[in-house]
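Down below is the structure, laid out as structure tokens.
Residue numbers (full-length UniProt numbering): 1 to 343.
Next comes the structure, spelled out in structure tokens:
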């Protein structure tokens, strides 16, 4: 997924991380030519529609950042560390969906890989000599199922057993699981993570296995709202005929997770969702087909226009940029106070 920063005053130089040499990020500015970003395989067609650029002929700088690895690895997080967002005033990114919303509560995410180490043995001749790593994996999964009764409705835990053993007649000596943990805020995610890790650890104790729990390289932060930007974007979208979902639907709904959330902790930003003319679900073959249709291109272009109009408002409306910055400061401060309370 790529963002479209607007109204920036400087262009710091940075080098992409070495692991992106085969498909590096890119930056474009001060160019009259169109910018494009080819979608990657497995993204459900989203990259062909995400964050179209907003051309402008005024004395300012618009930067288009092509950022790979949104779904796996958190490309924008690496770009933040590399200074790619330094000097930007606001950042825009739009995401295709089944509905139109100026904001949806994208949640924080922590990925974890769990490995259990046991002892192999013949399952028929002398099973008592073995230490069953598959039992540990099954217990861990069941522990999480029991935990769900005490989980908040806004918490999410989902995962798979990636390695469950080799042969039915061999007590598995090694198993591996991968889980994604999500919560509305970094504070809640920390609480959920502790509970989930205890489920993994207790399964190891019960079976006599050793356990290795490794978190992902980058945690995704929740997307911080910016009411000033959201209000202007919604007004502009409505002028273009965009029908937005209600505030109740926003408050009572949940979305996925995105590395754009980390960006909103660094620069004021907006991450609206837009309808593409299909009710197909994201990350499906049906959605890929819908994203390539002419109908979807119409809705993507309309969203780009709404973003461009919003950028112009930020530039020319007196005091709006300062309102956006103040919203950013207040929301970020509140979030950080909850995450790191003063003792």
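No residue lacks a Cβ here, since even glycine has one placed at the ideal position from N, Cα and C.
Cβ-Cβ separation between residue 295 and residue 274: approximately 12 Å, too far for a contact (criterion under 8 Å). Judged by beta-carbon spacing, residue 226 lies beyond the 7 Å limit of residue 313, meaning their Cβ atoms are not closer than that value. Across the set 262, 311 and 316, the C-alpha of 262 shows the shortest separation from the C-alpha of residue 81.
Under the three-state reduction of DSSP, residue 97 is assigned to strand.
In this structure residue 169 is in contact with residue 123, their Cβ atoms being roughly 5 Å apart against a cut-off of 8 Å. A residue is called buried when at least 16 other Cβ atoms come within 10 angstroms of its Cβ; residue 126 does not meet this threshold and is exposed.
For the 7 Å CB-CB criterion, residue 104 and residue 255 form a contact. Nearest in C-alpha terms to residue 99, of all of 183, 279 and 148, is 279. In this structure, residue 101 sits away from residue 222, with a CB-CB distance that is not shorter than 7 Å. Between residue 199 and residue 140, the C-beta gap is smaller than 7 Å, which places the two residues in contact.
In the three-state scheme derived from DSSP, where H, G and I count as helix and E and B as strand, residue 167 is classed as coil. The criterion of a C-beta distance shorter than 7 Å is satisfied by residue 133 and residue 175.
Cβ contact annotation for residue 204 (same chain, cutoff 7 Å, sequence separation greater than five): 116, 136, 210 and 211, in chain order. Inter-residue distance for residue 114 and residue 239 is about 50 Å (C-alpha atoms, whole angstroms). Looking only at 272, 193 and 248, the smallest Cα-Cα distance to residue 179 is reached by 193. Considering only 146, 173, 172 and 289, the residue with the shortest C-alpha distance to residue 196 is 146. When beta bridges are read from the DSSP output, residue 111 appears opposite 180. For the beta strand (DSSP E) assignment, the uninterrupted runs of no fewer than 3 residues enclosed by the region 261–311 are, from N- to C-terminal side, 273–275.
Boundaries of the alpha helix (DSSP H) around residue 229: 227–239. Residue 284 and residue 77 have their C-alpha atoms spaced approximately 26 Å apart. The continuous beta strand (DSSP E) containing residue 66 extends over residues 64–66. Around the Cβ of residue 224, a 10 Å sphere holds 16 or more other Cβ atoms; the residue is buried. Our two residues, residue 260 and residue 319, have alpha carbons roughly 25 Å apart in a direct line.
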